[in-house]
Each structure stands twice: as structure tokens, then as C-alpha cells.
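According to our numbering, the sequence shown holds residues 9 to 136 in order. Ideal Cβ positions, reconstructed from N, Cα and C, are used throughout, including at glycine. Heads up: the structure comes next, in C-alpha cells.
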Amino acid sequence: MKVILRAALFYLVITFVVAFVMGVLRTVVIAPALGELPAVLIELPFLITLSWWVCGFVLKRWPVPATPPARAGMGAIAFTLLLITEALLALSLGGLSLTEHLARYATLPVMLGLAGQLAFAAFPMIRR
9 MKVILRAALF YLVITFVVAF VMGVLRTVVI APALGELPAV LIELPFLITL SWWVCGFVLK
69 RWPVPATPPA RAGMGAIAFT LLLITEALLA LSLGGLSLTE HLARYATLPV MLGLAGQLAF
129 AAFPMIRR
């Protein structure tokens, strides 16, 4: 269990740091010029590729057993912590209430982002 938790934490932290920087660029530079949806469509392939690469790196460094429960556990822990971190940032830096943050999940750009986050959660189960 310890290796699963450690791998999930490193997978989350490495991916989140880069994604946070990309999110700032998307929000400050790309979205004002092109709109929120095109900005997400530009950012998403990079984040999915990043997640795939980071997952492979983490699994080499902390070899989580290649069993469905272990790998699903890694993905589920990383995904849950990602959603919590994202909500905390929206509340503290974004000035949103929890209700406002959750309401954004009804918009297409945020739905696409959630699809990318679900891929992030699934990668430990399919990555070798």
C-alpha cells in the first residue's frame, strides 16, 4: 500500500505542477485571445501526453504491482487528490464558492478537462 500511495502522490505532484503552469498560460494568454473552449482544446493534448509520460516515469521509479487493484488504487488516489487540490485552488485563488466551482462542470470546457483527468486516473491501469 505504501508504494501505491507514494506513486500516486508523485504522479499527482509532477503532473499538477506542469498542468498548473499550463493552466495559467491558458487562462491568461490563450483564452482571452481565442476563447475558453479553443484554449482547452489546445492545452488538453499536451496534458494527456504529459500524464502518460509522467505515469511511465513514476511506475519505473516506484514499481506499483501490475495488478488491477494496485494500479486502479494508484489512479483513484491521484485522481481524488487532484480534484481536491483543484477545488481548493478554485476556492482560494479563483474566488469561487464550492457551488460555483462545481457548477462549472456543466460547461463543455470543464467537461473536456474532466475527461482528461479521467484519462490521468486510468493511465496507471494501462501503462507498462
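>> If I follow the unbroken alpha helix (DSSP H) through L42, where does it start and stop?
In response: 39-42
>> Which residue marks the beginning of the alpha helix (DSSP H) containing P132, and which one marks its end?
In response: 116-134
> Run through DSSP, which three-state label would G102 get?
Replying inline: Note: G102 maps to coil in three-state DSSP.
>> Let me check understanding here. Comparing Cα to Cα, which of E94, A86, R112, R136 lies closest to L17?
In response: A86
> CA-CA distance, P40 and M9?
Replying inline: 44 Å
>> Please return the same chain residues whose Cβ sits closer than 7 Å to the Cβ of L116, not counting the five positions on each side in sequence.
In response: L45
> From this set, V48, A15, L97, L96, which residue's C-alpha is nearest F65's C-alpha?
Replying inline: A15
> Between the Cα of V36 and the Cα atoms of I56, P73, G102, which residue gives the shortest distance?
Replying inline: G102
> In three-state DSSP terms, what is V25?
Replying inline: Looking at V25 - three-state DSSP - the assignment turns out to be helix.
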